[in-house]
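Heads up, the thing below is written out as structure tokens.
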Ligand SMILES: Cc1cc2nc3c(=O)[nH]c(=O)nc-3n(C[C@H](O)[C@H](O)[C@H](O)COP(=O)(O)OP(=O)(O)OC[C@H]3O[C@@H](n4cnc5c(N)ncnc54)[C@H](O)[C@@H]3O)c2cc1C
């Protein structure tokens, strides 16, 4: 429940989404029920099955999911997890509310967040082509989950995916080889036939996909639906489902487009610029997804430690275990604050240039940092449960398998760090905005002041920006995380962060907070009381 998570609850109010708390409590209550928790296990144990052909040898290209997958998506869509930002005016808290809803959802089951993420984020890209948006947006924003396989116009609601990655490269989308040939007279939203492959296309049962392909005028963006306007199944042939490390409930596919019908979205030759808003939205969701995995893992660790006795007392009373748990809790709270700050920037960006610049620069910083911290936090949390954390009866192995995905998807670490460098070079206003924000937090603690000065200096005058990109991202993450904690965290959490992360008085692994940190107080609010 949101109200059981004080960090989340306060951030919601701060970011203008306090109005969502009651609904979120209802949703959180439902998500954490035994029934929905079991759906998470069922959907990951009974993984999707691809049916390439029917019994007569005709192409079927359908994926069969366990009923629990549909139940999870039904719950998400009916609560507007895919639509909230677009149901509210900018600045009214739609984005932060959604970040919090999806944070709760992903704590229970992360895979179903993938189609939700792409479906929320597609809207700005669709709007680049108003006729296409007029046709799809009402269906896209419907709160009805309709998993039937039929033309979108006959459905009560749709979901969308994206196809950028090809065999020869995902980061370097300009190397895409899929071709698009015009089949009508041109004009806005021109009809094309697309031929080529897509190597990693998730949620293949979506109703339409935003796809990059080469038109005569260069790499362009297309909306490719599962059905053509005349009701035929579109020629999107699913070759295989990926056998992934984690993210098992969600299907990710390899696809051949064989003259698949699609409409151009945005200007010809401006495909990357058109799809980039969608990518920005899914990057926010990578932050949220990783923060959720961390929150669930650390909550499990604290819960276990509160109930498990060893050598005469509960684990949570052992000083060394408290050092580990407090260290993990600090990391998790930083992730939640970053997620909500970036969510707030998304919300206010259309109204406020400062927020637009913060969105631009803090998204790569937070994606880089939070998604990378995730695996280490989850791994250490597993150890808190001992052998019980290593078996599939607990949720922990699933969290661990899921933990690297957000670091890879939508820009792997290097690519995200380079995106920060791009923002520094091309949008000087973004660095100015971050400087303004960070400097407003200065003056209360010399450790924070130093971290901020050092991060800004590195960003202002990097010796070799590309080579140093990860160092720059790390420096800004520590400074931004510190600034958020100094303002909004409990004093003991802030002190733990400042002493260990800013003054660097710690070891290389978790559980190495220096003496004098109020570890009991840091962990205390997360100890279950029932
Ligand atoms: C679970 C999952 C779901 C996915 N779903 C989708 C989907 O629905 N649609 C879709 O289009 N894609 C999807 N992807 C693909 C994903 O977006 C790509 O895997 C990702 O963008 C990286 O591309 P790549 O795998 O080709 O790696 P590459 O681009 O080959 O990168 C390999 C490594 O090189 C690094 N690198 C790249 N360029 C540079 C550089 N200039 N300098 C230094 N290092 C560099 C990268 O950071 C990375 O570490 C999904 C991936 C996963 C794991």
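In this note's numbering, the protein residues as written are -8 to 521. Each residue gets a CB set at the ideal place from its N, CA and C atoms; glycine is no exception. Just so it is clear, the structure is predicted and the values come from calculations on it, not from any experiment.
Nearest-angstrom Cα separation, counted from residue j out to residue i
{"i": "residue 269", "j": "residue 262", "result": "12 Å"}
{"i": "residue 398", "j": "residue 176", "result": "42 Å"}
{"i": "residue 258", "j": "residue 478", "result": "43 Å"}
{"i": "residue 540", "j": "residue 332", "result": "In this structure the chain extends from -8 to 521, so residue 540 is not present and cannot be described."}
{"i": "residue 196", "j": "residue 364", "result": "31 Å"}
{"i": "residue 20", "j": "residue 90", "result": "17 Å"}
{"i": "residue 289", "j": "residue 322", "result": "10 Å"}
{"i": "residue 435", "j": "residue 424", "result": "20 Å"}
{"i": "residue 377", "j": "residue 312", "result": "12 Å"}
{"i": "residue 97", "j": "residue 508", "result": "31 Å"}
{"i": "residue 303", "j": "residue 387", "result": "26 Å"}
{"i": "residue 248", "j": "residue 213", "result": "12 Å"}
{"i": "residue 157", "j": "residue 187", "result": "9 Å"}
{"i": "residue 210", "j": "residue 160", "result": "15 Å"}
{"i": "residue 231", "j": "residue 41", "result": "7 Å"}
{"i": "residue 502", "j": "residue 316", "result": "7 Å"}
{"i": "residue 390", "j": "residue 400", "result": "16 Å"}
{"i": "residue 239", "j": "residue 441", "result": "43 Å"}
{"i": "residue 392", "j": "residue 235", "result": "9 Å"}
{"i": "residue 419", "j": "residue 87", "result": "26 Å"}
{"i": "residue 162", "j": "residue 506", "result": "44 Å"}
{"i": "residue 514", "j": "residue 450", "result": "35 Å"}
{"i": "residue 284", "j": "residue 92", "result": "14 Å"}
{"i": "residue 102", "j": "residue 84", "result": "25 Å"}
{"i": "residue 25", "j": "residue 184", "result": "47 Å"}
{"i": "residue 292", "j": "residue 380", "result": "9 Å"}
{"i": "residue 310", "j": "residue 497", "result": "16 Å"}
{"i": "residue 366", "j": "residue 394", "result": "5 Å"}
Cβ-based burial, residue i [other Cβ within 10 Å; buried from 16]
{"i": "residue 221", "result": "exposed"}
{"i": "residue 499", "result": "exposed"}
{"i": "residue 246", "result": "buried"}
{"i": "residue 318", "result": "buried"}
{"i": "residue 189", "result": "buried"}
{"i": "residue 47", "result": "exposed"}
{"i": "residue 6", "result": "buried"}
{"i": "residue 11", "result": "buried"}
{"i": "residue 29", "result": "exposed"}
{"i": "residue 141", "result": "exposed"}
{"i": "residue 350", "result": "buried"}
{"i": "residue 300", "result": "exposed"}
{"i": "residue 493", "result": "buried"}
{"i": "residue 355", "result": "buried"}
{"i": "residue 362", "result": "buried"}
Residue i: CB within 7 Å of a non-hydrogen atom of ligand 1
{"i": "residue 229", "result": "no"}
{"i": "residue 401", "result": "yes"}
{"i": "residue 409", "result": "yes"}
{"i": "residue 412", "result": "no"}
{"i": "residue 484", "result": "no"}
{"i": "residue 83", "result": "no"}
{"i": "residue 404", "result": "yes"}
{"i": "residue 354", "result": "no"}
{"i": "residue 235", "result": "yes"}
{"i": "residue 238", "result": "yes"}
{"i": "residue 196", "result": "no"}
{"i": "residue 396", "result": "yes"}
{"i": "residue 276", "result": "no"}
{"i": "residue 362", "result": "no"}
{"i": "residue 218", "result": "no"}
{"i": "residue 154", "result": "yes"}
{"i": "residue 255", "result": "no"}
{"i": "residue 192", "result": "yes"}
{"i": "residue 71", "result": "no"}
{"i": "residue 163", "result": "yes"}
{"i": "residue 160", "result": "yes"}
{"i": "residue 243", "result": "yes"}
Anticipated Cβ contact below 8 Å, residue i with residue j, distance rounded
{"i": "residue 242", "j": "residue 199", "result": "Contact doesn't hold; Cβ gap of about 16 Å is too wide."}
{"i": "residue 470", "j": "residue 360", "result": "At roughly 11 Å, the Cβ-Cβ gap does not stay under 8 Å, so residue 470 and residue 360 are not in contact."}
{"i": "residue 396", "j": "residue 237", "result": "6 Å"}
{"i": "residue 116", "j": "residue 266", "result": "6 Å"}
{"i": "residue 179", "j": "residue 120", "result": "6 Å"}
{"i": "residue 143", "j": "residue 216", "result": "6 Å"}
{"i": "residue 207", "j": "residue 152", "result": "Contact doesn't hold; Cβ gap of about 26 Å is too wide."}
{"i": "residue 34", "j": "residue 57", "result": "6 Å"}
{"i": "residue 275", "j": "residue 337", "result": "6 Å"}
Residues bridged to residue i [DSSP beta-bridge criterion]
{"i": "residue 249", "result": "186"}
{"i": "residue 162", "result": "DSSP lists no partner for residue 162."}
{"i": "residue 231", "result": "245"}
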